[in-house]
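> Residue numbers (the numbering used here): -2 to 181.
This is the structure:
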């Protein structure tokens, strides 16, 4: 659920970011930025040599790793549970029987390929997938919406970016204002 919250906190920037969770120890930073070493090197080479120019136009992709052992990340997780726990549980409860239907259908179908399935089985499979997609979409919208308005989630992202000198201009000004509000 933290990944969904952080994705929501990224807002418009979410296309160039991904979020992952990792135990980096309680003494580590709450969030760190990692980049693909291959893409970073290709972009560096593109700046020096015209033959690698195609890599200069590739979008930069950044991974934000949340340190699950850090107290701030634990605090964010707890606020998510407190704010959304009942709603997330309700979605899980609606999803559970659908997952059981999916498992039963998979057992019934066995190793049969799509062309070997009846139209009814295909329709049932489609219905189940649509219902699971609806539950997943509802969960993501709930988590993303919470993250978009959660100051702590946004602060963790900005801290990670700031630690890599990637927070500039208006984003840096917002970070400073939010810091003052959170400390006040």
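We put the beta carbon where it would ideally sit given N, CA and C, even for glycine.
Looking only at its chain, what residues have a beta carbon closer than 6 Å to the beta carbon of residue 23, apart from the 5 residues adjacent to it on each side?
Cβ neighbours of residue 23 beyond the five flanking positions: 66.
> Check residue 113 in the structure and name its three-state DSSP category.
Residue state, collapsed to three classes: helix.
> So residue 18 is in the beta strand (DSSP E); what residue range does that whole segment cover?
Where residue 18 is concerned, the enclosing beta strand (DSSP E) stretches over 14 to 19.
> For the candidate residues 44, 152 and 79, whose alpha-carbon lies nearest to that of residue 178?
Checking every option, the nearest Cα to that of residue 178 belongs to 152.
> For the region 86 to 100 and the region 152 to 168, state whether three or more C-beta atom pairs, one from each stretch, are separated by less than 8 Å.
No, the region 86 to 100 does not touch the region 152 to 168.
> According to DSSP, what are the bridge partners of residue 31?
60, per the DSSP bridge assignment.
> Please report the straight-line C-alpha distance between residue 150 and residue 80, rounded to a whole angstrom.
If I take the Cα positions, the gap works out to 14 Å.
> Quick check: the Cα distance between residue 2 and residue 107, rounded to an integer number of angstroms?
Whole-angstrom Cα-Cα distance: 37 Å.
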